[in-house]
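Numbering (the working numbering), first residue to last: 603 to 822.
Working notes, beginning with the structure itself.
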Ligand code: B12
């Protein structure tokens, strides 16, 4: 990418972050539109959304913003992604079915929305069952519900997104069961919670997503 584009991208990302921090939804949408026009939807998802949210996380850890403000930012960003995902047209033949999920316990679901859009642009029909799964007394029941749902759906691809490393064991358990039940399905494990995993550590049949998300998506 040309230096001027990179410079403008950085400027717009700073402006988008400011609009989000002040809760200005209209301006946030406007800055997102400008960024997408400049770098395209995919780069906006993997660079801008991820980068702005990483900065948001840092501000929260440093005590510069509170949890309510962090929620406000997250909610506006989710709206932006959902609005763009709804506009992705799926004309012609579909490539297959993809299911996206989080393991029990993990409430981070913005990555699912981003992945949903990236898969839709590649003509996959997507079922997103990610979100905050119940973690009360019925521990492990939700993992079973996820496994049962996916087994019945018989998708071509499964994306398991894990952000908090302590829920990695749930993610691995889901993947392990799915490998047994669905030998022809490609199963991927990815997200911030997988950063400590090294190639070859996962059981055969379970793919570790590349740190560069588009690399994984382009090789499906
Ligand atoms: C928003 C947010 C929340 C929200 C989530 C709301 C929601 N509905 O999603 C709330 C407030 C609920 C939350 C809660 C917590 N959070 Co939080 N959160 C974040 C924040 C700010 C943004 C995450 C995000 O949406 N990023 C945007 C997405 C698009 O980026 P991404 O997840 O990296 O996904 C990209 C890739 O990883 C990839 N990808 C992801 N999954 C997969 C899967 C596959 C198969 C593939 C191919 C690719 C892929 O695709 C994306 C595009 O490239 C991050 C900061 C950060 N660094 O990201 C902290 C962060 C993740 N949270 C953190 C923590 C500690 C927590 C809490 C434990 C805090 C607490 N004490 O309660 C809780 C845990 C709750 C739980 N049980 O899950 C830490 C995690 C640290 C760690 N290493 O474990 C972070 C990093 C903040 C920090 N700096 O400390 N959080």
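Virtual Cβ for every residue (Gly too), placed ideally from N, Cα, C.
Integer Cβ distance of residue i from residue j, believed to fall under 8 Å
i: residue 791; j: residue 804; result: 7 Å
i: residue 732; j: residue 714; result: 4 Å
i: residue 761; j: residue 717; result: 5 Å
i: residue 618; j: residue 637; result: 7 Å
i: residue 692; j: residue 660; result: At roughly 36 Å, the Cβ-Cβ gap does not stay under 8 Å, so residue 692 and residue 660 are not in contact.
i: residue 614; j: residue 640; result: 7 Å
Endpoints, beta strand (DSSP E) assigned at residue i
i: residue 808; result: 808-810
Nearest candidate by alpha-carbon position, reference residue i, set the options
i: residue 810; options: 685, 669, 658, 773; result: 773
i: residue 751; options: 789, 786, 703; result: 703
i: residue 684; options: 814, 647, 674; result: 647
i: residue 767; options: 658, 719, 705; result: 705
i: residue 759; options: 788, 782, 607; result: 788
i: residue 721; options: 815, 603, 609, 610; result: 815
i: residue 626; options: 668, 665, 794, 679; result: 679
i: residue 701; options: 675, 784, 674, 652; result: 784
i: residue 748; options: 634, 775, 793; result: 775
i: residue 631; options: 668, 800, 686; result: 686
i: residue 794; options: 735, 727, 710; result: 710
i: residue 757; options: 669, 696, 735; result: 696
i: residue 786; options: 743, 755, 610, 671; result: 755
Secondary structure of residue i, DSSP reduced to three states
i: residue 727; result: strand
i: residue 711; result: coil
i: residue 698; result: strand
i: residue 814; result: coil
i: residue 801; result: coil
i: residue 752; result: helix
i: residue 719; result: helix
i: residue 689; result: helix
i: residue 672; result: helix
i: residue 746; result: helix
i: residue 795; result: helix
i: residue 822; result: coil
i: residue 667; result: coil
i: residue 734; result: coil
Delimiting residues of the alpha helix (DSSP H) encompassing residue i
i: residue 630; result: 627-641
i: residue 653; result: 652-663
i: residue 616; result: 605-623
i: residue 770; result: 770-783
One or two residues paired with residue i in a DSSP bridge
i: residue 703; result: 762
i: residue 788; result: 759
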